[in-house]
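What follows is a single structure, written as structure tokens, with notes after it.
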Amino acid sequence: MTDMEEIKKQVGQSDSDDDEPENLQYKVILLGNGTVGKTSIINRFCEDYFAKTYKQTIGVDFYVKRLELPDNIFTALQVWDIGGQSIFSKMVTTYIYEANAVIFAYDITNHQSFADLEDWHQLVLKTFEGKEPPLMALMGNKIDLNHMQAVKQEEHEQFAEENRLYNFYVSAKTGDQIEACFYKIAADLSGVKLSKEMIESQQKAVKPNIIDYMNNEAELEKAEEEQQKKTKKKGKKTCAIF
């Protein structure tokens, strides 16, 4: 059994048409440079989780998330996490092949990650040459770092318009717009029209648990008092020599 056959077996793909018609299934892949947050985006969407440490994706990982859409339609998204270095791999076109949707992700604080999307986009077009292209979307990640933004909104919108891409801004760290993005893609792939209220209901954001110790005088004073008490206790200790 080849690697691709094994992957298909695990995610439930087969060459038969035995799948139940009411349960739809689509392959969605994320492309982009390393460190832009592709894995974090997928973890936030599939598991509502954000890792504080970076771990490079080697090759490809995939996840499955089931969504319930209006009209009692159930959709399973196979979300594929393609490692940033895979653009130089002979296997990358195999990973991209048969994708129903492609998300081009970049880091809004890293302009090079945005510029390199042109190469990823051309790779997808080449892979689907002569075939029906997948739904494609542009995703700017790390909007929680908006004060460090290096890619202008005009650049983002122009790239999306010129290449006929959906466009989204998200934060894997806070969860802002993550659910809404995938929900919109799943609905469009399934032919389901969403109302504005339905989309807004998916726009969940998780508030980061951040304590600003530099501006919290009460916390600083408390910490200093505790440290002084510990120092005094150490000073009261005696050493007996026999």
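The letter at position 107 of the sequence shown is residue 172 when you use this note's numbering, and the numbering goes up by one with no holes.
Where is the CB? At the ideal position from N, CA and C, for every residue including glycine.
Computed from a predicted model, the values in this text were never measured in an experiment.
Closest by C-alpha distance to residue i, when choosing among the options
i, options, result
"D146", "D181, D113, E133 and G99", "G99"
"Q310", "V129, V125 and C111", "This structure does not reach residue 310, given that the chain is present from 66 up to 307, and the question cannot be answered."
"I168", "L132, E262, K261 and I106", "I106"
"E163", "E194, Q177 and N175", "E194"
"T159", "A170, R131, V125 and T174", "V125"
"T239", "Q223, L190 and N211", "N211"
"N228", "N206, G149, M201 and D209", "M201"
"M263", "Y248, L254 and L203", "Y248"
"V257", "N88, D241, F110 and I138", "I138"
"K155", "N175, A141, T192 and T140", "T192"
"T140", "C111, N88 and I161", "N88"
"L95", "I161, D136 and C111", "I161"
Burial state of residue i (16 or more Cβ within 10 Å)
i, result
"D184", "exposed"
"L313", "Residue 313 lies beyond the range of the chain shown here (66 to 307); nothing can be said about it."
"D241", "buried"
"Q218", "exposed"
"L142", "buried"
Cβ neighbours of residue i in the same chain (closer than 6 Å, five flanking residues each side left out)
i, result
"A252", "L134 and L259"
"I250", "A166"
"F179", "Y171 and V216"
"H221", "G205"
"G173", "Gly is not the amino acid found at residue 173; the sequence shown has Ile there. Same-chain partners within the cutoff: G205, K207, Q214 and V216."
"V144", "V93, I107 and Y128"
"Y231", "A202"
"H176", "A215 and V216"
"L132", "T140 and A251"
"Y234", "G205 and I208"
"A225", "L203 and N232"
Spatial neighbours of residue i in its chain, beta-carbon cut-off 7 Å, leaving aside the 5 residues before and after
i, result
"G97", "K103, G149, F169, A170, Y171, S178, L182 and W185"
"L308", "Any property of residue 308 remains undetermined from this structure, which presents the chain solely from 66 to 307."
8 Å CB neighbourhood of residue i in its chain, flanking five on each side removed
i, result
"A237", "G102, S105, I106, N108, R109, F115, N206, K207 and I243"
"E197", "none"
"D209", "S236, K238, T239, D241 and P273"
Note to self: As an exercise, report each continuous beta strand (DSSP E) stretch of at least 3 residues that is fully enclosed by the region 204-274, in chain order.
What the structure shows: Fully contained in the region 204-274 are the following beta strand (DSSP E) runs of length 3 or more, in chain order: 231-234.
Note to self: Just to confirm the assignment: which complete beta strand (DSSP E) runs, minimum length 3, are found wholly within the region 159-197?
What the structure shows: 166-172
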